[in-house]
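Protein chains in written order, with this note's numbering: chain S, 53 to 299; chain L, 3 to 335. Where a beta carbon is used, it is the ideal one built from N, C-alpha and C, also for glycine. Since we're looking at a predicted model, the values are computed, not measured. So the structure is just underneath, and the comments pick up after that.
As structure tokens, this is what we get:
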């Protein structure tokens, strides 16, 4: 049996007395496209934050590619091959798009601790960053500051920064949120180009887009997994309708 | 990233030429000594700027490194039988080790917590210097240090000491400007702006901030060593909160996150403190008024504020050749 990309067991997270994630267990095999569905407050982003290491779980265990990372910091998890995007865009707004991708690339290099080496002279780094921007169709905006770009371009930059790290496990938190129809189509196309060996877990509210993307769907409600299965099973399950339509 | 434009290079060259010519421009040793004080204060302010401007870590304990290095330099050379070079190197090394410890303690918190821890650590050192009279001389301070004679140059001469200090300022400027553009410097600025994102990108934010804290402490120690040789005396006042606050004032007044801002801020504070106080009794009030004026009209500090105003003036004149640069261009990451 191959080692799963992500395995969470009995995961809990309480904020005061509020259980944001409650006894969640999930196994995502390598290469799978997994979709996390659920209404607002279902605990999807909290689950992402727990997996990414933004805060520790109250209880439970997280394994990435077989390694127990429950007590590891976010940066240590990134060095195991995990990358993520944020629901609320988190970029270096005063810098150029190119510089943002350079920062992403540098996160995995020893250069990040070098106090003397001028990063402007690291030609390969800048070339690689430019190539990554080309992947998401932003090469022509490489030298523009993030603050001067549109929302959709920022979303694409978020994905570029995640892809720059050549992740084995990619967490996408609502990558299509707030985009126009054209922009959504662009991002969808972009996601289709990500190699199959990259495991993707995505949170998305748009059912049409999400269902077309996912191999397996996990539906959450009130911090718990209520339905899990392939597209047909999940759509047919009455609990899914209950979660989304309330009856 | 900080970009060095042509006017900046010209300005830098003019400043260097003016500094080199300073002893010829002013006839009195008094003014040469004031210039030396500015140089020492500028090194301290630049080191604090690494934390405040580029790291977003506001410290009220930066006098610790100035004071500890100064005390150690005086003690080791005048009372423990160390030579001037060995004493200076030992003082700088020991102060840098202290910065490692203080960084470890202070970086357990961020924001106000960080500020309060640095303040508390600084006040502990001040208390030790004030109360441990058998070692530090207490309120009377510690004296007896003699300026060294590197390569046969007598540093008792004010002009010679000015150039001696200037070498360290040049080294500080060069190495700090390199640091800002380096991988570590850029990581520090990233951690200042988006710490959560930086962690997700694989950066150990704590370690980056700690290394930068130690780097800043090292330059604070250099300033302390120079301070000890300049004054040949050190007192608890060096470690006092007012010294830390004054240094922070230099950084904020000159412009945080800029290379030249702390130097301008240091010149402003030292001149007001030494020159203006000779003519105006209420010079502290004047310092307060100037600071409030800067905060009101140039909240980003004198250096970036002047650049902004220059840009506005050019825009009004409709100069098509050199458009005003946005302030953000000077503020990396």
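From what residue to what residue does the alpha helix (DSSP H) around residue i run?
{"i": "residue 174 of chain S", "result": "Premise fails: residue 174 of chain S is in no alpha helix (DSSP H) and is neither H nor E."}
{"i": "residue 151 of chain S", "result": "149-158"}
{"i": "residue 318 of chain L", "result": "304-319"}
{"i": "residue 234 of chain S", "result": "233-244"}
{"i": "residue 113 of chain S", "result": "Not the alpha helix (DSSP H): residue 113 of chain S falls in the beta strand (DSSP E), residues 111-116."}
{"i": "residue 186 of chain L", "result": "185-195"}
{"i": "residue 2 of chain L", "result": "Since the first and last residues shown for chain L are 3 and 335, residue 2 of chain L lies out of range."}
{"i": "residue 253 of chain S", "result": "Note, residue 253 of chain S: premise wrong, no alpha helix (DSSP H); beta strand (DSSP E) at 251-255."}
{"i": "residue 135 of chain S", "result": "Where residue 135 of chain S is concerned, there is no enclosing alpha helix (DSSP H), although the beta strand (DSSP E) it sits in stretches over 134-136."}
{"i": "residue 127 of chain L", "result": "114-133"}
{"i": "residue 78 of chain L", "result": "65-80"}
{"i": "residue 229 of chain S", "result": "Looking at the DSSP string, residue 229 of chain S is not in any alpha helix (DSSP H), and its letter there is neither H nor E."}
Would you mind sorting residue i into buried or exposed? The rule is 16 or more other CB atoms within 10 Å of its CB.
{"i": "residue 339 of chain L", "result": "Since the first residue shown for chain L is 3 and the last is 335, residue 339 of chain L is missing from the structure and cannot be characterised."}
{"i": "residue 268 of chain L", "result": "buried"}
{"i": "residue 97 of chain S", "result": "buried"}
{"i": "residue 219 of chain S", "result": "buried"}
{"i": "residue 99 of chain L", "result": "exposed"}
{"i": "residue 176 of chain L", "result": "exposed"}
{"i": "residue 244 of chain S", "result": "exposed"}
{"i": "residue 283 of chain L", "result": "exposed"}
{"i": "residue 314 of chain L", "result": "exposed"}
{"i": "residue 40 of chain L", "result": "buried"}
{"i": "residue 134 of chain L", "result": "exposed"}
{"i": "residue 278 of chain L", "result": "exposed"}
{"i": "residue 302 of chain L", "result": "buried"}
{"i": "residue 330 of chain L", "result": "Only weak support exists for where residue 330 of chain L lies, its pLDDT of 38 falling under 50; the value from the coordinates is given anyway. Residue 330 of chain L comes out exposed."}
{"i": "residue 334 of chain L", "result": "In this prediction, residue 334 of chain L has a pLDDT of 41, which is less than 50 and means its spatial position is unreliable; nothing more can be read from the coordinates."}
{"i": "residue 65 of chain S", "result": "buried"}
{"i": "residue 281 of chain L", "result": "exposed"}
{"i": "residue 146 of chain S", "result": "buried"}
{"i": "residue 206 of chain L", "result": "buried"}
{"i": "residue 115 of chain L", "result": "exposed"}
{"i": "residue 261 of chain L", "result": "buried"}
{"i": "residue 206 of chain S", "result": "buried"}
{"i": "residue 173 of chain L", "result": "exposed"}
{"i": "residue 214 of chain L", "result": "buried"}
{"i": "residue 38 of chain L", "result": "buried"}
{"i": "residue 18 of chain L", "result": "exposed"}
What is the C-beta distance between residue i and residue j, in whole angstroms, given that I count them as a contact (C-beta under 8 Å)?
{"i": "residue 79 of chain S", "j": "residue 56 of chain S", "result": "5 Å"}
{"i": "residue 167 of chain S", "j": "residue 181 of chain L", "result": "5 Å"}
{"i": "residue 155 of chain L", "j": "residue 162 of chain L", "result": "5 Å"}
{"i": "residue 241 of chain L", "j": "residue 101 of chain L", "result": "Contact doesn't hold; Cβ gap of about 14 Å is too wide."}
{"i": "residue 251 of chain S", "j": "residue 271 of chain S", "result": "Rounded, the Cβ-Cβ distance is 19 Å, inconsistent with contact."}
{"i": "residue 125 of chain S", "j": "residue 114 of chain S", "result": "Their Cβ separation, rounded to whole angstroms, is 12 Å, which puts residue 125 of chain S and residue 114 of chain S out of contact at 8 Å."}
{"i": "residue 76 of chain S", "j": "residue 99 of chain S", "result": "6 Å"}
{"i": "residue 90 of chain S", "j": "residue 273 of chain S", "result": "6 Å"}
{"i": "residue 149 of chain S", "j": "residue 193 of chain S", "result": "6 Å"}
{"i": "residue 320 of chain L", "j": "residue 246 of chain L", "result": "About 46 Å separates the two Cβ atoms, so there is no contact after all."}
{"i": "residue 61 of chain S", "j": "residue 82 of chain S", "result": "Not really, about 18 Å apart at Cβ, beyond 8 Å."}
Could you tell me the boundaries of the beta strand (DSSP E) in which residue i lies?
{"i": "residue 210 of chain S", "result": "Premise fails: residue 210 of chain S lies in the alpha helix (DSSP H), 203-216, not in any beta strand (DSSP E)."}
{"i": "residue 59 of chain S", "result": "58-67"}
{"i": "residue 43 of chain L", "result": "Element bounds for residue 43 of chain L: not the beta strand (DSSP E) but the alpha helix (DSSP H), 31-54."}
{"i": "residue 282 of chain S", "result": "276-282"}
{"i": "residue 76 of chain S", "result": "70-80"}
{"i": "residue 273 of chain S", "result": "268-273"}
{"i": "residue 86 of chain S", "result": "85-89"}
{"i": "residue 222 of chain S", "result": "221-225"}
List, in chain order, every chain S residue whose beta-carbon is nearer than 7 Å to that of residue i.
{"i": "residue 205 of chain L", "result": "127, 159, 164"}
{"i": "residue 202 of chain L", "result": "104, 126, 130, 136"}
{"i": "residue 195 of chain L", "result": "144"}
{"i": "residue 192 of chain L", "result": "144, 155"}
{"i": "residue 199 of chain L", "result": "142"}
List the residues of chain L whose Cβ lies closer than 9 Å to the Cβ of residue i, in chain order.
{"i": "residue 167 of chain S", "result": "177, 180, 181, 184, 185, 186, 187, 213, 214, 217"}
Can you pull the chain L residues whose beta carbon is under 8 Å from the beta carbon of residue i, in chain order?
{"i": "residue 171 of chain S", "result": "183, 184, 185, 188"}
Shorter than 7 Å, the distance from the beta carbon of residue i to the closest heavy atom of the ligand ADP, or not?
{"i": "residue 127 of chain S", "result": "This structure simply doesn't include the ligand ADP, nor any ligand for that matter."}
Original post:
Does the count of Cβ pairs from the region 155-170 of chain L and the region 98-107 of chain S closer than 8 Å reach three?
Top reply: Short answer: they don't touch.
Original post:
Is the region 143-155 of chain S close to the region 229-245 of chain S, with three or more CB pairs under 8 Å?
Top reply: The count of Cβ pairs closer than 8 Å, one atom from the region 143-155 of chain S and one from the region 229-245 of chain S, stays below three, leaving the stretches out of contact.
Subject >> contact_flag[the region 113-120 of chain L, the region 45-62 of chain L] where n(CB pairs < 8 Å) is 3 or more >> reply: yes
Subject >> Contact between the region 222-240 of chain L and the region 20-30 of chain L (3+ Cβ pairs under 8 Å) >> reply: Too few Cβ pairs lie closer than 8 Å, so no.
Original post:
Does the region 256-267 of chain S come within contact of the region 63-74 of chain S, defined as at least 3 CB pairs closer than 8 Å?
Top reply: Taking a cut-off of 8 Å on C-beta distances, the region 256-267 of chain S does not touch the region 63-74 of chain S, as fewer than three cross pairs fall below it.
Subject >> Touch test, the region 174-183 of chain S against the region 260-269 of chain S, Cβ-Cβ under 8 Å, three pairs minimum >> reply: no
Original post:
Should the region 192-200 of chain L be regarded as contacting the region 70-83 of chain L, the criterion being three or more beta carbon pairs within less than 8 Å?
Top reply: no
Original post:
Does the pairing of the region 108-118 of chain L with the region 259-275 of chain L give three or more beta-carbon distances under 8 Å?
Top reply: no
Subject >> Segment contact flag, the region 126-133 of chain S with the region 201-214 of chain S, C-beta cutoff 8 Å, min 3 pairs >> reply: With the cut-off at 8 Å, the region 126-133 of chain S and the region 201-214 of chain S do not touch.
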